[in-house]
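Colleague: Residue numbers (the numbering used here), protein chains in the order written: chain A, 1 to 336; chain B, 1001 to 1169. For glycine and all other residues, C-beta sits at the position ideal for the given N, C-alpha and C.
#1: Less than 7 angstroms between CB atoms is the rule here; does residue 64 of chain A satisfy it with respect to chain B?
#2: Flag this pair as yes or no: are the beta carbons of residue 295 of chain A and residue 270 of chain A separated by less than 7 angstroms?
#3: Have a look at residue 160 of chain A and residue 177 of chain A and give me their C-alpha separation to the nearest angstrom.
#4: Measuring CB atoms only, is the stretch 1153-1162 of chain B touching the stretch 12-32 of chain A, in the sense that at least three cross pairs come out at less than 8 angstroms?
#5: DSSP on residue 282 of chain A, reduced to helix/strand/coil?
#6: Kindly list, in the order they appear in chain A, the residues whose Cβ is closer than 8 angstroms to that of residue 1161 of chain B.
#7: Does residue 82 of chain A pass the burial test, meaning 16 or more other C-beta atoms within 10 Å, or should it be called exposed?
#8: Please confirm whether residue 36 of chain A has its beta-carbon closer than 7 angstroms to some beta-carbon of chain B.
#9: Residue 266 of chain A lies in the beta strand (DSSP E); which residues open and close that run?
#10: Going by DSSP, what residues sit across from residue 51 of chain A in a beta bridge?
#11: Residue 197 of chain A by DSSP, collapsed to three states: which one?
#12: Determine, for residue 12 of chain A, whether the minimum Cβ-Cβ distance to residues of chain B falls below 7 angstroms.
#13: Using a Cβ-Cβ distance cut-off of 7 angstroms, determine whether residue 84 of chain A contacts chain B.
#14: Compare the C-beta of residue 1032 of chain B against all C-beta atoms of chain A and say whether one is closer than 7 angstroms.
#15: Scan the stretch 1130-1157 of chain B for residues whose Cβ lies nearer than 9 angstroms to a Cβ of chain A and list them as they occur along the chain.
#16: Once you ignore the five residues that flank residue 149 of chain A on each side, which residues in its own chain have a CB closer than 7 angstroms to its CB?
#17: Quick test of your reading: residue 207 of chain A and residue 238 of chain A, contact by CB under 8 angstroms. State the CB separation rounded to the nearest angstrom.
#18: How would you list, in chain order, the residues of chain A whose beta-carbon sits under 8 angstroms from the beta-carbon of residue 1021 of chain B?
#19: Looking only at its chain, what residues have a beta carbon closer than 6 angstroms to the beta carbon of residue 174 of chain A, apart from the 5 residues adjacent to it on each side?
#20: Note down the Cα distance separating residue 323 of chain A from residue 266 of chain A, rounded to an integer number of angstroms.
#21: What are the start and end residues of the beta strand (DSSP E) that includes residue 29 of chain A?
#22: Shortest alpha-carbon distance to residue 298 of chain A belongs to which of A/334, A/314, A/80 and A/133?
#23: Roughly how many angstroms separate the alpha carbons of residue 11 of chain A and residue 181 of chain A, rounded to a whole number?
#24: Beta-carbon within less than 8 angstroms of residue 205 of chain A's beta-carbon, same chain only, minus the 5 sequence neighbours each way: which residues are those?
#25: Run down chain B in chain order and give the residues with a C-beta less than 8 angstroms from the C-beta of residue 69 of chain A.
#26: Going by other Cβ atoms of all chains shown within 10 Å of its Cβ, with 16 needed for buried, is residue 56 of chain A buried or exposed?
#27: Which value, in whole angstroms, describes the spacing of the CA atoms of residue 1017 of chain B and residue 215 of chain A?
#28: Taking the alpha carbon of residue 246 of chain A as the point to measure from, which residue in A/218, A/268, A/261 and A/233 has its own alpha carbon closest?
#29: Decide if residue 25 of chain A is buried, meaning its Cβ has at least 16 other Cβ atoms within 10 Å, or exposed.
#30: Using the Cα positions of residue 1061 of chain B and residue 1037 of chain B, report the straight-line distance between them to the nearest angstrom.
#31: Under 8 angstroms between beta-carbons, which chain A residues line up against residue 1118 of chain B? List them in chain order, please.
#32: So, does the CB of residue 218 of chain A fall closer than 7 angstroms to a CB anywhere in chain B?
#33: Which residues mark the beginning and the end of the beta strand (DSSP E) in which residue 142 of chain A is found?
#34: According to DSSP, is residue 134 of chain A part of a helix, a strand, or is it coil?
#35: Which bits of chain B does residue 123 of chain A rub up against, with CB to CB less than 7 angstroms?
#36: Classify residue 254 of chain A: buried if its beta carbon has 16 or more other beta carbons within 10 angstroms, exposed otherwise.
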């Protein structure tokens, strides 16, 4: 590597100091580099002070990098990099290449991509109807899957990326500041450090419940009141998916974890959401017959999978009746 | 547990080398020697089992302080003895505890706010290079600019954060 020429008037002293930090962080210097560095330091006493400031600034940044406030910056930067790589790939194919070369390049790229995908392919974990599963991940985190749930997990050197495809899962995240832990669901990303939270997709809503620590939810409208992107322990974020309307409420932590113990608890929950959760378990399929029935707010505790008790309880306490159609039970509002 | 194929040491070196050299520089004055001492720290780190690297920063600076102490002992007869001993016995923690650095200088949110004041490109390049360990060439490739442009942007970002730091004092 040729010795850096930083002391041109093009750079301020602070920038020169930063450039030296950069050079120093990239490994052992050559004899020439060292000479340049000594000369630079000797040239002006202010240079040493500037260098100290630059190194200190970098340390501040590293001390902050795992903080939840900082994570959106990191996610944005990585997303931008990814997007630029994609853009670049499409731009390259527009170059006037000979057809045979293009074909060969495509084959090579496909093979390479396939190989990369194979090496880094996300792991899929799923549960069937009524099945529950706790997965211990390689990094020491655990994912507890509710019934009828699918989650993919991709652990790499720099990141832990999970994707909730359907259902609900609770994550106990082991601390690793160098590898942010994120769960995406329906284009929203939940980023966390050393924390416990659950993410659920139910009836075109995404719900995040935070039990411990802090998380940031990205991809929400920035101007939302109270900044719902930031949650503190004991809060639940509900995002309506088509509109991205977000609402934060507080939850009873032990109660909202009841599903892990095989119970479904509903507190002022729309019947449609309760039905979607019951349907993750075996038994007759439940359906909503009309919008009024679906939006009834119900409260109660049911054993997961005990559809009969659920139907009986709901019809006894709320103005709905049930229509039996083979293996399906349809809730319809009682005509007034 | 980290995966086994990861080279944690080189990542650590990238993160901490400038601060380490700055630490030595304040105490030994000679840049060549500061660089050699920093190198020595990483040799010692390489000899320790990976598991003990967990508390990284504090551990690295503890090794650094030990090296200075050894050096002071070796240089007993030299005239810089007094200076070295003074330097080596100075508690290293003052400049080193990351939590203290941030708390002392400014709040985390103002650091984030300063970064937000930069242009998207400058901020992204800085974050990718410094935090996500993406190398300059890859950044240059993705943004379709030269490596020296990337260097300029990172230097610009660092200088801007430094400026705010001095203002805050």
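Modeller: Looking at the coordinates:
#1: yes
#2: yes
#3: 11 angstroms
#4: yes
#5: coil
#6: 57, 60 and 61
#7: exposed
#8: no
#9: 263-270
#10: DSSP output for residue 51 of chain A lists no bridge partner at all.
#11: strand
#12: yes
#13: yes
#14: yes
#15: 1130, 1131, 1132, 1133, 1134, 1135, 1136, 1138, 1139, 1141, 1142, 1143, 1144, 1151, 1152, 1154, 1155, 1156 and 1157
#16: 126, 127, 166, 167, 168 and 169
#17: 5 angstroms
#18: 24 and 55
#19: 139, 140 and 141
#20: 22 angstroms
#21: Looking at the DSSP string, residue 29 of chain A is not in any beta strand (DSSP E), and its letter there is neither H nor E.
#22: A/314
#23: 38 angstroms
#24: 238, 239, 240, 241 and 273
#25: 1108, 1109 and 1112
#26: buried
#27: 31 angstroms
#28: A/218
#29: buried
#30: 12 angstroms
#31: None at all; the shortest Cβ gap to chain A is about 10 angstroms.
#32: no
#33: 142-145
#34: strand
#35: What residue 123 of chain A touches in chain B: nothing, since even the nearest Cβ is about 14 angstroms away.
#36: exposed
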